[in-house]
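In UniProt numbering, the protein residues as written are 1 to 85.
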């Protein structure tokens, strides 16, 4: 299921809109500049805690900053329906 739901973000656009560098944002939230870069490019998905801290730092709701790109909705629905819980 993990390969069907991809966490995407508007982090770079928001950061630029607020005139913040990657380094400035990284300092605000306590991570490296490289971490911010990796999140912006989709190479790294933040933990729930880091996503929340980014939202607070940028004064955005989660859904304004992050969203899921559903690769194949039909396959995902079938997979969820067929799970043995």
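We treat Cβ as the ideally placed atom computed from N, Cα and C, and that holds for glycine. None of the values given here were measured: they were computed from a predicted structure.
- Assignment of residue 58 by DSSP, reduced to helix, strand and coil, places it in the helix class.
- Its chain contains 42, 66, 67, 68, 69 as the residues whose beta carbon lies nearer than 8 Å to that of residue 8, once the 5 sequence neighbours on both sides are disregarded; these appear in chain order.
- The alpha-carbon of residue 17 is positioned some 11 Å away from that of residue 10.
- Straight-line measurement puts the Cα of residue 82 at about 39 Å from the Cα of residue 59.
- Per DSSP, reduced to three states, the secondary structure at residue 69 is strand.
- Shown here, residue 25 sits in a helix according to DSSP, grouped into three states.
- Taking the C-beta atoms as reference points, residue 48 is found no nearer than 8 Å to residue 25.
- Counted as a single uninterrupted DSSP element, the stretch harbouring residue 82 is not any beta strand (DSSP E), since DSSP gives it neither H nor E.
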